[in-house]
Amino acid sequence: DVKVTQSSRYLVKRTGEKVFLECVQDMDHENMFWYRQDPGLGLRLIYFSYDVKMKEKGDIPEGYSVSREKKERFSLILESASTNQTSMYLCASSSGQYNEQFFGPGTRLTVL
Amino acid sequence: KNEVEQSPQNLTAQEGEFITINCSYSVGISALHWLQQHPGGGIVSLFMLSSGKKKHGRLIATINIQEKHSSLHITASHPRDSAVYICAVVNSGNTPLVFGKGTRLSVIA
Chain A
1 DVKVTQSSRY
11 LVKRTGEKVF
21 LECVQDMDHE
31 NMFWYRQDPG
41 LGLRLIYFSY
51 DVKMKEKGDI
61 PEGYSVSREK
71 KERFSLILES
81 ASTNQTSMYL
91 CASSSGQYNE
101 QFFGPGTRLT
111 VL
Chain B
113 KNEVEQSPQN
123 LTAQEGEFIT
133 INCSYSVGIS
143 ALHWLQQHPG
153 GGIVSLFMLS
163 SGKKKHGRLI
173 ATINIQEKHS
183 SLHITASHPR
193 DSAVYICAVV
203 NSGNTPLVFG
213 KGTRLSVIA
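Chains A and B, in that order, give the protein sequences.
Sequential numbering from 1 applies to the first sequence in the working numbering.
Sequential numbering from 113 applies to the second sequence in the working numbering.
In structure tokens, the structure reads:
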């Protein structure tokens, strides 16, 4: 069974803290993605990566950075968490021409 | 950039009803995906379409490339179908998906 796992289901952090969200996939996929999901706004792409050590900005990269040192792992970093980064964060991986994506269970992050 | 519109935003149905969710996009695509998200967050892929029609159990997805429109149908709806249904398109090649905002479906027994 294919799997995308995320390091935490729920996370509570304080304003100004550095936050790491980890995503691991076991399908040998080239492509990995980080999204945030907010009520009424749908899924919005933060960053994506098509290869190890490669990253591309998505639609809303401000306040975030990413790291992909190994093919199976894609990390999202909030350098200095702010309350407006309270959200559901979803990781996905994909392969192939039509980009069928497999999603992790999500991390619900609350920044106080 | 492609714009993806879904309708309706919210839908409440009685168990057993036939349900249709619509998705329209603005520019040509190479493929369209339908995804399902249950309460609790997990998102699963239901269909990937580049033409025609696909069926899986009580779910049917169709696409009209010329009209830039796709529909997801659920026959004999059941409360366990209650979820958010999301349409997403692939503009070309290996580019990121562009998502609609989703349709929240509630099926009442």
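Using N, Cα and C, we set each Cβ at its ideal position, and we do this for glycine too.
> For Gly-214 of chain B, which residues in chain A fall below 7 Å Cβ to Cβ?
Replying inline: Position 102 of the second sequence holds residue 214 of chain B. By Cβ distance, chain A contributes Gly-42.
Could you tell me the alpha carbon to alpha carbon distance between Ser-65 of chain A and Tyr-47 of chain A, rounded to whole angstroms? Translated into positions along the first sequence, residue 65 of chain A becomes position 65. Translated into positions along the first sequence, residue 47 of chain A becomes position 47. Spanning the two alpha carbons is a distance of roughly 8 Å.
| Got a sec? Which residues, its chain only, sit under 6 Å from Leu-21 of chain A by beta carbon, not counting five neighbours each side? | By one-based count along the first sequence, residue 21 of chain A stands at place 21. Correct list, in chain order: Leu-76, Tyr-89, Thr-107.
Name the residue from B:Pro-191, B:Arg-192, B:Val-210 whose alpha carbon lies nearest to the alpha carbon of His-145 of chain B.
Translated into positions along the second sequence, residue 145 of chain B becomes position 33. Nearest C-alpha to His-145 of chain B: B:Val-210.
Let me confirm a value: Ser-163 of chain B is counted as buried when at least 16 other C-beta atoms fall within 10 Å, else exposed. Which label applies?
Against the second sequence, residue 163 of chain B aligns to sequence position 51. Ser-163 of chain B should be labelled exposed.
Taking the beta strand (DSSP E) that Phe-33 of chain A belongs to, which residues open and close that run? Sequence index remark: in the first sequence, residue 33 of chain A carries index 33 (1-based). Its beta strand (DSSP E) spans residues 31–38.
| In or out: Gln-121 of chain B buried (at least 16 other Cβ within 10 Å) or exposed? | Residue numbering aside, residue 121 of chain B sits at position 9 when the second sequence is read from its first letter. Label assigned to Gln-121 of chain B: exposed.
Through-space distance from Thr-215 of chain B to Ser-119 of chain B, alpha-carbon basis: Mapped onto the second sequence, residue 119 of chain B falls at position 7. Mapped onto the second sequence, residue 215 of chain B falls at position 103. Each residue's alpha carbon lies about 7 Å from the other.
So, with DSSP's three-state summary, where would you put Asn-176 of chain B?
Reading the second sequence from its first residue, position 64 is the one you call residue 176 of chain B. Asn-176 of chain B falls in the strand class under three-state DSSP.
Assuming Val-196 of chain B and Gln-149 of chain B form a contact by the criterion Cβ under 8 Å, report the distance between their Cβ atoms to the nearest whole angstrom.
As a first step, residue 196 of chain B is located in the second sequence; it is residue number 84 there, counting from the start. As a first step, residue 149 of chain B is located in the second sequence; it is residue number 37 there, counting from the start. The pair is a contact, with the Cβ atoms about 4 Å apart (cut-off 8 Å).
### Message
I want to check one thing, is the minimum distance from the CB of Trp-34 of chain A to the heavy atoms of the ligand MG below 7 Å?
### Response
By its list of ligands, the structure shown contains no ligand whatsoever, and the ligand MG lies outside what it can speak to.
- Contact with chain B by Gln-101 of chain A, beta-carbon distance below 8 Å: For the purposes of this step, residue 101 of chain A is taken as residue 101 along the first sequence, with counting starting at 1. Closer than 8 Å to some Cβ of chain B, the Cβ of Gln-101 of chain A qualifies, so yes.
Of all the options A:Leu-41, A:Lys-13, A:Arg-44, A:Lys-55, which has the alpha carbon lying nearest to the alpha carbon of Arg-73 of chain A? For the purposes of this step, residue 73 of chain A is taken as the residue at position 73 of the first sequence. The shortest C-alpha separation from Arg-73 of chain A is found at A:Lys-55.
| query | Apart from the five residues on each side of it in sequence, which residues of its chain come closer than 7 Å, Cβ to Cβ, to Lys-57 of chain A? | reply | Position 57 of the first sequence, counted from the first residue, corresponds to residue 57 of chain A. Here the set comprises Tyr-47.
So what's Asn-131 of chain A in DSSP terms, helix, strand or just coil? Summary: the structure shown does not reach residue 131 of chain A, with chain A confined to residues 1 through 112, and so no result is reported for it.
(request) Step through the CB atoms of chain B and report whether any lies within less than 8 Å of the CB of Leu-45 of chain A. (result) For the purposes of this step, residue 45 of chain A is taken as residue 45 along the first sequence, with counting starting at 1. So, interface residue.
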